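*Asks:* Quick one: this structure, given as structure tokens, is what I'll be asking you about.
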Amino acid sequence: MDLTPTRTQQAALVVLRALIGWHFLYEGFVKILWPAWSRDGAPIARFSSAGYLRSATGPLADLFHGLAEVSWLPWLDHLMAWSLLLVGLGLILGLFTQLACAGALALLALFYLSWLPTRGVYEPGAEGNYLLVSKNLIEAAAVAVVLVFRTGRIAGLDLLRGRERAQPVAPVAEATR
Amino acid sequence: MNLTPEQQELGRRNFLRVVAGTPAFAALGVAAAVKGPVRGGPVRLGFIGLGGQGRVLLEQADPRYAEVVALCDINPLQLQKGDESLVKTARQPVKHYADWREMIQKERLEGVVIASPLFTHTDVAVACMEAGLHVLCEKMMGIDDASCRRMGDAAKRTGRVLEIGHQRFYNPVYQAAYAGIVKAGLLGEVYHARLVWHRNGNWRRTAELPSPDYSPAQWGYPTYDHLINWRLYKQYSRGHMAELASHMVAITDWFFGTQAVAAVGSGGVFRFKDGREVPDHTYVTLEYPGGRDAVFTSIESNAFDNYYEAYYGTKGTLILQGEIEAYLFEEGAPAGAAKATGVAVAPKAGPAGSASESRAADAAGAGKGVGAASGGGDRLAAYRMEVSGFCSAVRTGAELKCRPERALGSAKACIAGFDAIEKKARVEIKA
Chain C
0 MDLTPTRTQQ AALVVLRALI GWHFLYEGFV KILWPAWSRD GAPIARFSSA GYLRSATGPL
60 ADLFHGLAEV SWLPWLDHLM AWSLLLVGLG LILGLFTQLA CAGALALLAL FYLSWLPTRG
120 VYEPGAEGNY LLVSKNLIEA AAVAVVLVFR TGRIAGLDLL RGRERAQPVA PVAEATR
Chain F
0 MNLTPEQQEL GRRNFLRVVA GTPAFAALGV AAAVKGPVRG GPVRLGFIGL GGQGRVLLEQ
60 ADPRYAEVVA LCDINPLQLQ KGDESLVKTA RQPVKHYADW REMIQKERLE GVVIASPLFT
120 HTDVAVACME AGLHVLCEKM MGIDDASCRR MGDAAKRTGR VLEIGHQRFY NPVYQAAYAG
180 IVKAGLLGEV YHARLVWHRN GNWRRTAELP SPDYSPAQWG YPTYDHLINW RLYKQYSRGH
240 MAELASHMVA ITDWFFGTQA VAAVGSGGVF RFKDGREVPD HTYVTLEYPG GRDAVFTSIE
300 SNAFDNYYEA YYGTKGTLIL QGEIEAYLFE EGAPAGAAKA TGVAVAPKAG PAGSASESRA
360 ADAAGAGKGV GAASGGGDRL AAYRMEVSGF CSAVRTGAEL KCRPERALGS AKACIAGFDA
420 IEKKARVEIK A
């Protein structure tokens, strides 16, 4: 039985990767853009993860609450914003895709653990009711799919990098046989 | 190069696979450019004219929206007070200029707030716009019809933002009254509006010279009295019509959905015969299309009514009092059966009340009604929102609440009203 993904399946995986990449890239872009204004004319406050960290829930809440108070939080904010941007760029363009997937998984794991939905009821700031499974976890699962299928070999700028190019792109000679 | 069709097809496919993510990346770029945030910090502003009105705007300039870069006034005392206003609102004093041309040349500004005497508005505003600056100019727009049109034309020609400071358009009380009452048709057909600004005090003020050798002549004022009391002289001012009525007429135009077509007026200098040239008692009727009218009165001999706009419709009466309270009375309902509008705001004393030039006489003479306590927190909010709204328009193209066209209608009517008193004749207002 041939388990090689069909072209449609491959396309679906690449689209999934691009959507996740879009999400990360835009999150990073907005955080890095500051100072900035919303389109309806209000200044946007400088990004700080302090509020998010202070409202962390779950078994690791104390750790995240502590992080909110560290003096180097602005550096952490910068790191977070640039990580989101670079991961997003990698995923959307298919460049260093596996590394970008790993980065995305790490970030999503952080977001999931900092807001672990253990209460099973609506919590302020959440978009719905979650119990153990949240949107962060689902997005992480989607990233895992993109990771294991090595989508950089299907499409993207990784194909231009020697190692990745060898396998997926059929050599010209093959077509002339 | 000889490529077989198969080779061409394969090459094409390889290329598309490599650039597969690019369309999504480009789409995100376009979406972010069209709908995403706009980069930029607070709008860098210079303030021209630091009298009472200028300082109200200065104090209400929200640092998140506006960065005050420099102050300009020909009177050093006003500059000093401007610095005090900055310090009072937890900001540092900034550089001073006496000449606005020098300020706009030397400072890296994005916009200016003009609160200089009326007769200077046009020259300053047009030059600033031509220098690439956005302009928030205090009311009234200009001293005559041609001046106002020059400002509007300059805004169109230069593509700069020009907003005229009728802060009532930003006042939540007026917005709620328009949306919830006027637009909703609760007043029925409105044929008559009464616009009242009554005070019992002398508009003339006294002030010490900034220094013994200070000469206002270099700025075109023959005496220091002309500088500090410019509102009282025709060459600089249009009296009550410009300083008081223009606000109320702008709102009336908004509520009526049209602009005045003629003015009939009377009045004169009846109480304070001190050499002033503009009336201390003003009575003007503005005619609107469809048989509607607005009657504006301003007296300086009794403050019982203080100031309000009242709109009398076939179904109800709306009264907007002191910029902070609104009342709705149903026509035919028992006397005293006022409907709660949900927009009443308790008056409380605030710094703008004492600082505002338009209200100096109120403070001096108002003894009854809302007059004595008309410096309300909500009025300040309107000024704050006005400056913020201007900055939003500069930075993001957000819609202005008092565009030049809107201010022009009010200015033309008020100029016609002033002329009607002068000529003792009915003055038609050109479209």
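Going down the list, the sequences are from chains C and F.
Using numbering that gives the first Met the number 0, you'd call the opening residue of the first sequence number 0 and step up by one each time.
Using numbering that gives the first Met the number 0, you'd call the opening residue of the second sequence number 0 and step up by one each time.
Using N, Cα and C, we set each Cβ at its ideal position, and we do this for glycine too.
Since this is a predicted model, take the numbers as computed values, not measurements.
Taking Cβ positions only, does residue 28 of chain C come closer than 8 Å to chain F?
*Replies:* The sequence position of residue 28 of chain C within the first sequence is 29, counting from 1. Cβ-Cβ to chain F under 8 Å: yes for residue 28 of chain C.
*Asks:* Find the residues of chain F that neighbour residue 37 of chain C, judging by a C-beta separation of less than 7 Å, and give them in chain order.
*Replies:* What you label residue 37 of chain C is simply residue 38 of the first sequence in a count that begins at 1. Those within 7 Å of residue 37 of chain C in chain F are 36.
*Asks:* Going by DSSP in three states, residue 320 of chain F sits in which element: helix, strand or coil?
*Replies:* Against the second sequence, residue 320 of chain F aligns to sequence position 321. It is a strand residue.
*Asks:* Of all Cβ atoms in chain F, is any one closer than 8 Å to the Cβ of residue 42 of chain C?
*Replies:* On the first sequence, residue 42 of chain C is found 43 positions in, with the first residue counted as 1. Judged by the 8 Å Cβ criterion, residue 42 of chain C is in contact with chain F.
*Asks:* Return yes when the Cβ of residue 84 of chain C is within less than 8 Å of the Cβ of residue 31 of chain C, no when it is not.
*Replies:* In the first sequence, residue 31 of chain C corresponds to position 32, counting from 1. In the first sequence, residue 84 of chain C corresponds to position 85, counting from 1. Yes, these two residues count as a Cβ contact at 8 Å.
*Asks:* Determine the burial state of residue 17 of chain F: buried for a count of at least 16 other Cβ atoms within 10 Å of its Cβ, exposed for fewer.
*Replies:* Sequence index remark: in the second sequence, residue 17 of chain F carries index 18 (1-based). Buried is the call here.
*Asks:* Nearest by alpha-carbon distance to residue 248 of chain F: which of F:226, F:10, F:138 is it?
*Replies:* Residue 248 of chain F sits at position 249 when you count from the first residue of the second sequence. The candidate whose alpha carbon is nearest that of residue 248 of chain F is F:138.
*Asks:* Give a yes or no on whether 8 Å exceeds the smallest Cβ distance from residue 132 of chain F to chain C.
*Replies:* Counting from one through the second sequence, the residue named residue 132 of chain F turns up at place 133. For residue 132 of chain F, the answer is no, since every Cβ of chain C falls outside 8 Å of its Cβ.
*Asks:* Using 10 angstroms around the beta-carbon of residue 258 of chain F, count the other beta-carbons present and answer buried if the total reaches 16, otherwise exposed.
*Replies:* Counting from one through the second sequence, the residue named residue 258 of chain F turns up at place 259. The residue in question, residue 258 of chain F, is buried, as its Cβ has 16 or more Cβ neighbours within 10 Å.
*Asks:* Hey, could you find the ends of the alpha helix (DSSP H) residue 8 of chain F is sitting in?
*Replies:* Within the second sequence, residue 8 of chain F is the residue found at index 9, counting from 1. Run containing residue 8 of chain F: 4-17, per the alpha helix (DSSP H) assignment.
*Asks:* Please list the residues of the stretch 381-412 of chain F that have a C-beta atom closer than 9 Å to any C-beta atom in chain C, keeping them in chain order.
*Replies:* Listed in sequence order: 387, 388, 390, 391, 392, 394, 395, 396, 397, 398.
*Asks:* Assuming residue 194 of chain F contacts residue 294 of chain F (C-beta within less than 8 Å), just tell me the rounded distance between them.
*Replies:* Numbered from its first residue, the second sequence carries residue 194 of chain F at position 195. Numbered from its first residue, the second sequence carries residue 294 of chain F at position 295. Right, the Cβ-Cβ distance comes to about 7 Å (below 8 Å), so this counts as a contact.
*Asks:* Decide if residue 288 of chain F is buried, meaning its Cβ has at least 16 other Cβ atoms within 10 Å, or exposed.
*Replies:* Residue 288 of chain F sits at position 289 when you count from the first residue of the second sequence. Exposed: under 16 other Cβ atoms inside 10 Å.
*Asks:* Based on Cα-Cα distance, which residue from F:207, F:202, F:34 lies nearest to residue 243 of chain F?
*Replies:* Position 244 of the second sequence, counting from 1, holds the residue named residue 243 of chain F. Nearest of F:207, F:202, F:34 to residue 243 of chain F, Cα basis: F:202.
*Asks:* Quick check: residue 169 of chain F and residue 381 of chain F, are their CB atoms within less than 8 Å of each other?
*Replies:* The count along the second sequence starts at 1 and reaches residue 169 of chain F at position 170. The count along the second sequence starts at 1 and reaches residue 381 of chain F at position 382. For residue 169 of chain F and residue 381 of chain F, yes; Cβs fall inside 8 Å.
*Asks:* Where do the ends of the beta strand (DSSP E) carrying residue 196 of chain F lie?
*Replies:* As a working note, residue 196 of chain F is residue 197 in the second sequence. That run of the beta strand (DSSP E) goes 189-196.
*Asks:* Over what stretch of residues does the beta strand (DSSP E) that includes residue 147 of chain F continue unbroken?
*Replies:* By one-based count along the second sequence, residue 147 of chain F stands at place 148. No beta strand (DSSP E) contains residue 147 of chain F, which is instead part of the alpha helix (DSSP H) from 144-157.
*Asks:* Residues of chain F with a CB under 8 Å from the CB of residue 91 of chain C: which are they?
*Replies:* Taking the first sequence and counting its residues from 1, one reaches residue 91 of chain C at position 92. Chain F residues near residue 91 of chain C: 20, 23, 24, 27.
*Asks:* Within 10 Å of its beta-carbon, does residue 57 of chain F have 16 or more other beta-carbons around it, so buried, or fewer, so exposed?
*Replies:* Against the second sequence, residue 57 of chain F aligns to sequence position 58. The residue is buried, with at least 16 neighbouring Cβ atoms inside 10 Å.
*Asks:* Below 6 Å CB to CB, which residues in the same chain sit around residue 119 of chain C once its five sequence neighbours on both sides are set aside?
*Replies:* Within the first sequence, numbered from 1, the residue matching residue 119 of chain C stands at position 120. Closer than 6 Å at the Cβ level, and outside the excluded window around residue 119 of chain C, lie 130.
*Asks:* List, in order along the chain, the chain F residues whose C-beta lies closer than 9 Å to that of residue 155 of chain C?
*Replies:* Translated into the one-based positions of the first sequence, residue 155 of chain C becomes position 156. Under the 9 Å cutoff, chain F gives 16, 17, 18, 19, 20.
*Asks:* At a Cβ threshold of 8 Å, is residue 41 of chain F touching chain C?
*Replies:* Here the question's residue 41 of chain F lines up with position 42 in the second sequence. It does: the Cβ of residue 41 of chain F has a partner Cβ on chain C nearer than 8 Å.
*Asks:* Any beta-carbon of chain F closer than 8 Å to the one on residue 125 of chain C?
*Replies:* For the purposes of this step, residue 125 of chain C is taken as residue 126 along the first sequence, with counting starting at 1. With 8 Å as the cut-off, residue 125 of chain C does not count as an interface residue toward chain F.
*Asks:* By how many angstroms is the C-alpha of residue 403 of chain F removed from the C-alpha of residue 418 of chain F?
*Replies:* Looking up residue 418 of chain F in the second sequence gives position 419. Looking up residue 403 of chain F in the second sequence gives position 404. Residue 418 of chain F and residue 403 of chain F: Cα-Cα distance of roughly 22 Å.
*Asks:* Mind pulling the chain F residues with CB within less than 7 Å of residue 13 of chain C?
*Replies:* Translated into positions along the first sequence, residue 13 of chain C becomes position 14. Per Cβ cutoff of 7 Å: 19.
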